[in-house]
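Shown next, in structure tokens, is the structure this report addresses.
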Amino acid sequence: MITTKNISKNFGSFQALHDVSFKINPGEIVGFLGLNGAGKTTLMRILTSYLPASSGLVLIDGEDIVENSLAIRQKIGYLPETPPLYSNMSVRDYLKFAAEIKGIPANQRKSQLNKVIEECQLGDVSHKSIATLSKGYKQRTGIAQAIIHQPKILILDEPTSGLDPIQNLQLRNLITNLKDQRTVIISTHILSEIEQIAQRVLIIRAGQIIVDESLETLLNSGVSAKSGAPEQSGTLSLEEVFINLHDDLSVKQFG
Amino acid sequence: MDKIFFIAKKELAAYFKSPVAYIILVLAISIFNFFFFIIIDHNREASLRDVFRVMEFIFVFFAPLLTMRVFSEEKLTGTMEFLMTAPVSNTAIVLGKYAGVLVFFTIMVSLTFVYYGIIEYFGNPDLIATVSGYVGIWLEGAFFLAIGMMASSWTRNQIVAAMTSYMFIFSLYFSTNLTRYFEGSVARFFQHLSTTNHLENLVAGIITIGDITYYLSGIFVCVVLTRLSIENRLY
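From first to last, the protein sequence lines are chains D and Z. Taking the numbering used here, the leading residue of the first sequence gets 1, the next gets one more, and so forth. Taking the numbering used here, the leading residue of the second sequence gets 1001, the next gets one more, and so forth.
So, in structure tokens, the structure goes:
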């Protein structure tokens, strides 16, 4: 469904992504992991066609995202790192606007609007101004706009960052419910979340993919950069694997 | 086409949710009213010619205030990413936003139509000259707004956007004053560049293709440059 071939992205002399290639199959839940500045957001922005790649190709359902940008954007729901909200609008007005510009037919707009408000548990605040919402509700409103047009692909950039534990749990449950219906790409710094949600992990470091494994394989095979020896099956958490990978610069051949 | 309408509607609603829009509206109409009565009292003639000149001068200052937030605010708050990853073309985004600003501006101008009613009641004004004058100030305002929108697409800072617009608009508005320092083709260039020269014919009731083309081509260039700016992510 999503295929990237040798994507590179340069910002002036800085290379944010270097020769990134991977395939994501329909229905997969993939976690993008990496340190700050590793290139996760840049990669997500390229997948959503917000940024063009400097070189390389992105195909979604076999179609080039540059040549068929508008048709492909219809298939994608995207929540950027900072929820893109109009603070002077109410939640309902904002979602109505999202439904309009995402091309939902007029006769389905209202029902779709009510559906996402219910799905994202925004009923209590739907008439409130976005400016007055808590961070958790703002994040949910951001997710609601991303799913309102029922996209086949959902791309969430750090959806739980800055939330308290309860909001975090609520949002994770929401994402867990959404994943049954679509392909989800999620980036986060909270590795335990990825362990609970994702089936596959892509670890990005300095603009390159250093690990592309199923979560199960990654946790079972383990890697200890300090000892260089494989750990016993199931003894490492994703956090330990992640830290080990970033301790050792020679793990590019992992897997 | 419908997406242009939705974006324009959102843009217009944003104006009326902001106190800045009401302040601009009230301030502009108060200034227009003040000068309308001063001019009518002084000239003692049933004509809006001098009122149009005042309106033109006020638009020089108000157009950047109306447009400074159009793109820069979207960039600052991150909603630009929302618009540009939605299935909407860049052209529709630019035209939708421009249409929203134009409708607000048209509402502002239409509130002055009452002036014609007043001079019609007391005198015998030239309807053609009044209509052509309104066409002229509307086109000039639309040109200033297109410049403001273009400047707003270059930065995420509203103050920088307004200052950049002022620089362009002042250059166009006051370029006629430079003609006295030059001769020949350079003087003619500044004369042609000047917005006041083009409006002069229209407020006098003379509609020429050259004047209309000047405004429309200026608007077109600004809209195209705005589209290029957001397409190339010049921020």
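We treat Cβ as the ideally placed atom computed from N, Cα and C, and that holds for glycine.
In this structure, how does DSSP classify residue i when only helix, strand and coil are distinguished?
i: Z:Y1115; result: helix
i: D:T3; result: strand
i: Z:F1174; result: helix
i: D:K226; result: Any reading at D:K226 needs caution, since the residue's pLDDT is 42, under 50, leaving its predicted position unreliable; the model's value is listed next. Coil at D:K226, not helix or strand.
i: Z:L1076; result: helix
i: D:G11; result: For the sequence presented, residue 11 of chain D should be read as Phe rather than Gly. If DSSP states are grouped into helix, strand and coil, D:F11 belongs with the strands.
i: Z:S1229; result: helix
i: Z:D1041; result: helix
i: D:D157; result: strand
i: Z:G1100; result: helix
i: D:V58; result: strand
i: D:S214; result: strand
i: D:G255; result: With a pLDDT of 43 at D:G255, under the threshold of 50, the predicted position of this residue should be treated as unreliable, and no value is reported.
Do residue i and residue j have their C-beta atoms closer together than 9 angstroms?
i: D:G207; j: D:T42; result: yes
i: Z:L1199; j: Z:E1120; result: no
i: D:L51; j: D:K9; result: yes
i: D:L156; j: D:I175; result: yes
i: Z:L1065; j: Z:A1204; result: no
i: D:G142; j: D:L79; result: yes
i: Z:M1108; j: Z:L1025; result: yes
i: Z:F1082; j: D:A98; result: yes
i: D:S126; j: D:V91; result: yes
i: D:T4; j: D:V20; result: yes
i: Z:E1011; j: Z:V1101; result: yes
i: D:T183; j: D:L154; result: yes
i: D:L171; j: D:P159; result: yes
i: Z:I1007; j: Z:A1099; result: yes
i: Z:M1055; j: Z:F1032; result: yes
i: D:N88; j: Z:S1185; result: no
Can you give the beta carbon distance from residue i to residue j, rounded, assuming they're within the 8 angstroms contact cut?
i: Z:F963; j: Z:M1149; result: Nothing about residue 963 of chain Z can be reported from this structure: the residues present for chain Z run from 1001 to 1235 only.
i: D:L202; j: D:F242; result: Between D:F242 and D:L202 the Cβ distance is about 12 angstroms, and since that is not below 8 angstroms, they are no contact.
i: D:G123; j: D:I130; result: That pair is no contact at about 15 angstroms.
i: D:H149; j: D:G77; result: 7 angstroms
i: Z:L1145; j: Z:F1105; result: 6 angstroms
i: D:A144; j: D:L178; result: That belief does not hold up - the Cβ atoms of D:A144 and D:L178 are roughly 11 angstroms apart, past 8 angstroms.
i: D:R109; j: Z:T1085; result: About 20 angstroms; that fails the 8 angstroms criterion.
i: Z:F1036; j: Z:V1051; result: 5 angstroms
i: Z:I1219; j: Z:G1096; result: Incorrect: roughly 15 angstroms between the Cβ atoms, too far for contact.
Is residue i near the ligand COA - that is, is its Cβ less than 8 angstroms away from at least one heavy atom of it?
i: D:K102; result: Because no ligand of any kind appears in the structure shown, any question about the ligand COA cannot be addressed here.
With 16 other CB atoms within 10 Å as the buried threshold, where does residue i fall?
i: Z:V1060; result: buried
i: D:I166; result: exposed
i: Z:A1028; result: buried
i: D:P26; result: exposed
i: D:N244; result: buried
i: D:S227; result: Per-residue confidence for D:S227 stands at a pLDDT of 44, beneath the threshold of 50, marking its modelled position as unreliable; no derived number is given.
i: Z:Y1173; result: buried
i: Z:F1113; result: exposed
i: Z:Y1166; result: buried
i: Z:E1183; result: exposed
i: Z:R1069; result: buried
i: Z:L1234; result: Since pLDDT at Z:L1234 reaches only 45, below the 50 mark, its modelled position is unreliable, and no value is offered.
i: D:Q196; result: exposed
i: D:K75; result: buried
i: Z:L1127; result: exposed
Run through chain B and tell me which residues come within less than 9 angstroms of residue i, C-beta to C-beta.
i: D:K102; result: Of the protein chains in the structure, D and Z, none is chain B.
Could I get the ranges of all uninterrupted beta strand (DSSP E) runs contained in the stretch 166 to 209 of chain D, with 3 residues as the minimum, in chain order? 183 to 187 and 200 to 205
Could you pull out every unbroken alpha helix (DSSP H) segment of at least 4 residues lying fully inside the stretch 15 to 50 of chain D, listed in chain order? 40 to 47
At what residue ranges does the stretch 1103 to 1164 of chain Z contain a whole run of the alpha helix (DSSP H), taking only runs of 4 or more? 1114 to 1122 and 1127 to 1152
List, from N- to C-terminal side, the alpha helix (DSSP H) runs of 4 residues or more that fit wholly inside the stretch 130 to 155 of chain D. Within the stretch 130 to 155 of chain D, the complete alpha helix (DSSP H) runs of at least 4 residues are 135 to 147.
I'd like the ranges of any alpha helix (DSSP H) spanning at least 4 consecutive residues and lying wholly in the stretch 1166 to 1226 of chain Z. 1184 to 1193 and 1195 to 1203
4-residue-minimum alpha helix (DSSP H) runs that sit fully inside the stretch 61 to 135 of chain D, ordered along the chain: For the alpha helix (DSSP H) assignment, the uninterrupted runs of no fewer than 4 residues enclosed by the stretch 61 to 135 of chain D are, from N- to C-terminal side, 69 to 73, 91 to 101 and 106 to 119.
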